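Chains as they are written, first to last, in my numbering: chain A, 117 to 271; chain B, 117 to 271. Glycine residues also receive a C-beta, built at the ideal position from the N, C-alpha and C atoms. Values in this document were obtained by computation on a predicted structure and should not be read as measured data. The structure appears right after this line, and notes come after that.
Number of protein chains: 2
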Amino acid sequence: MMFKVLWPGKTHDKEIRHLIDSYVKKINRLDKCQLIQTKEAKGISEKHSSRIMEIESYGLEKYFNNDYIICLFHKGKQMDSMEFARFLEKTSLQSARAVTFVVGGFLGLEERILKRADFLLSLSKMTFSHELSRLMLLEQLYRALTIIKGRQYAK
Amino acid sequence: MMFKVLWPGKTHDKEIRHLIDSYVKKINRLDKCQLIQTKEAKGISEKHSSRIMEIESYGLEKYFNNDYIICLFHKGKQMDSMEFARFLEKTSLQSARAVTFVVGGFLGLEERILKRADFLLSLSKMTFSHELSRLMLLEQLYRALTIIKGRQYAK
Numbered sequence: 117m118m119f120k121v122l123w124p125g126k127t128h129d130k131e132i133r134h135l136i137d138s139y140v141k142k143i144n145r146l147d148k149c150q151l152i153q154t155k156e157a158k159g160i161s162e163k164h165s166s167r168i169m170e171i172e173s174y175g176l177e178k179y180f181n182n183d184y185i186i187c188l189f190h191k192g193k194q195m196d197s198m199e200f201a202r203f204l205e206k207t208s209l210q211s212a213r214a215v216t217f218v219v220g221g222f223l224g225l226e227e228r229i230l231k232r233a234d235f236l237l238s239l240s241k242m243t244f245s246h247e248l249s250r251l252m253l254l255e256q257l258y259r260a261l262t263i264i265k266g267r268q269y270a271k
Numbered sequence: 117m118m119f120k121v122l123w124p125g126k127t128h129d130k131e132i133r134h135l136i137d138s139y140v141k142k143i144n145r146l147d148k149c150q151l152i153q154t155k156e157a158k159g160i161s162e163k164h165s166s167r168i169m170e171i172e173s174y175g176l177e178k179y180f181n182n183d184y185i186i187c188l189f190h191k192g193k194q195m196d197s198m199e200f201a202r203f204l205e206k207t208s209l210q211s212a213r214a215v216t217f218v219v220g221g222f223l224g225l226e227e228r229i230l231k232r233a234d235f236l237l238s239l240s241k242m243t244f245s246h247e248l249s250r251l252m253l254l255e256q257l258y259r260a261l262t263i264i265k266g267r268q269y270a271k
C-alpha cells in the first residue's frame with residue numbers, strides 16, 4: 117500500500133506538529149506514507165474566503181494524480197477503527213492506486229474537491245480543530261496499519 | 117458551571133500533556149474546570165487487569181461526590197459539538213451539580229463505573245488511544261464553552 121496525506125500549509129501548533137511527525141515515522145515503519153503540505157493561501161483576509169479556497173484547492177489538486185482520494189468531511193461516512201482498516205486494505209487491493217487523504221485548512225474543503233473524492237470520511241460527529249483532525253487522522257491510519265499487519269497497539 | 121475531569125495517572129506523552137494543560141488553562145478562562153489525575157495502578161502486569169481496574173475505579177470514585185458523571189465510552193451517545201454544548205448547558209442548569217467527566221486508563225472503565233454514570237458519551241465511532249481521547253475531550257469541552265458563551269473559536 118502507498119499512502120499520501122495532503123493538507124494546505126504547515127501545522128502551526130508545535131506540539132501537534134511533533135505528534136504528527138512522530139505518527140508519520142511510525143506509519144512509515146509499517147508502510148509507505150508521504151505527508152505533503154500543499155500551498156497555503158497566506159496574507160488574504162478571511163473575508164475573501166472563496167479566494168483562499170481557490171488557491172488551496174489548486175494546491176491540493178496538483179498532487180491528486182490518479183489516486184484514490186479520501187477527503188475528511190464532517191458529513192462523510194463514519195466507521196469504527198476495524199472497519200476503517202478493512203476498508204483501506206480492500207481499497208488498496210482493488211484499486212492498485214495510491215490512497216490519498218485530504219484534510220482541509222481552517223475553512224474546510226471546497227465543493228469541487230469533495231466532488232472529486234472517491235470517498236468522504238468523518239472521524240467524528242463532533243467538530244475538532246483542523247490541526248487536531250490532522251493528528252486524529254494519522255493516529256487512525258497508524259492504528260489501521262497495526263490492525264492490517266497484526267501488530268499490537270494501544271487500545 | 118463547574119467541571120471536573122478525572123482520569124487515572126499522568127499523561128505520559130509529553131506533547132499531549134502540554135496540549136492538555138493548555139486546554140485546561142483556556143477552559144479556566146471561561147469557566148471553572150479542575151483536572152484531577154487519580155490513583156494509577158502501577159507495577160501490576162496487564163495479566164491482572166481486573167486488579168488494575170479495581171484500584172483505578174476506587175481512585176476515581178473517591179472524587180465522584182454527588183456529581184453528574186459523564187463517562188467516555190465507545191458505545192456511548194454521539195453528539196455533534198453544538199448538541200454537546202447545549203447538553204452541558206442544560207445539564208448544569210437542571211442539576212446544579214458539578215459535571216464530572218471520567219476517562220479510563222488504557223484498559224478503559226470498569227462496569228461499576230459505567231453503571232454509576234449519569235451519561236455515557238462517545239467522541240467517535242473510532243478508537244483513539246486513551247491519551248489522545250483525553251485531549252479530544254478537553255478540546256470539545258473548550259469548544260462547548262466558547263459556543264455557550266458566544267466566543268469565537270476555530271472551525
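Neighbourhood of residue i by C-beta, 7 Å cutoff - its chain only, sequence neighbours within 5 removed
i, result
"Q194/B", "S238"
"E205/A", "I264"
Top-ranked residue by Cα proximity to residue i, from the options
i, options, result
"G285/B", "L225/B, A212/B, Q150/B and G159/B", "Absent from the model: residue 285/B. The displayed extent of chain B is 117 to 271, so no value can be given."
"I186/A", "S208/A, I171/A and S166/A", "S208/A"
"S161/B", "L223/B, A201/B and S173/B", "L223/B"
"A201/B", "G125/B, E177/B, G266/B and D183/B", "G266/B"
"S166/A", "R228/A, Q210/A and H134/A", "R228/A"
"M242/A", "G192/A, Y184/A and R145/A", "G192/A"
"S210/A", "K130/A, D183/A and S245/A", "With the sequence shown as reference, residue 210/A is identified as Gln, and Ser is not the correct amino acid for it. For the residues K130/A, D183/A and S245/A, the minimum Cα distance to Q210/A belongs to D183/A."
"F66/B", "F244/B, F203/B and E170/B", "The structure shown does not extend to residue 66/B, since chain B is modelled only from 117 through 271, so no value can be given for it."
"R232/A", "I143/A, H128/A, S245/A and N181/A", "N181/A"
"L230/B", "N144/B, A214/B, M169/B and S245/B", "M169/B"
"S138/B", "D129/A, N144/A and G159/A", "D129/A"
Within-9 Å CB hit, residue i to chain B
i, result
"L188/A", "no"
"Q268/A", "no"
"E227/A", "no"
"E177/A", "no"
"Q256/A", "yes"
CB contact below 9 Å: residue i versus chain A
i, result
"R202/B", "no"
"R259/B", "yes"
"T243/B", "yes"
"I264/B", "no"
"L236/B", "no"
"M117/B", "no"
"L251/B", "yes"
"K230/B", "The sequence given here has Leu at residue 230/B, not Lys. So, not an interface residue."
Cβ-based neighbour list, residue i, same chain, cut-off 6 Å, excluding 5 preceding and 5 following
i, result
"L151/A", "V121 and V140"
"T262/B", "Y269"
"L146/B", "L261 and K265"
"H190/B", "S238"
"H164/B", "none"
Cut-off 8 Å between Cβ atoms - residues of its own chain near residue i, not counting five sequence neighbours on either side
i, result
"I132/A", "E247, L248, R250 and L251"
"Y179/A", "K120, L122, I152, T154 and T216"
"P124/A", "Q153, T154, K155, E156, A157, E172, G175, L176, G220 and G221"
"L253/B", "V121, L188, F217, V219 and L239"
"K148/A", "M117, M118 and F119"
"K126/A", "R133, Q153 and E156"
"A214/B", "M118, F119, K120, N181, D183 and Y184"
"I143/A", "F119, C149, L254, L257, Y258 and L261"
"F244/A", "M252"
Counted within 10 angstroms of its Cβ, other Cβ atoms place residue i as buried (16 or more) or exposed
i, result
"M198/B", "exposed"
"R259/A", "buried"
"G136/B", "Before going further, note that residue 136/B is Ile rather than Gly in the sequence given. That one is buried."
"A212/B", "exposed"
"Q256/B", "buried"
"D196/B", "exposed"
Checklist line | Residues within the segment 139-173 of chain B neighbouring chain A, beta-carbon criterion of under 8 Å | finding: none
Margin query: Which residues of the segment 120-134 of chain A have a Cβ closer than 8 Å to any Cβ of chain B? Give them in chain order.
Written below: D129, E131, I132 and H134
Next item on the list: Quick one: which residues of the segment 195-221 of chain B get their C-beta closer than 9 Å to a C-beta of chain A? List them in chain order.
Entry: M195, D196, S197, M198, E199 and F200
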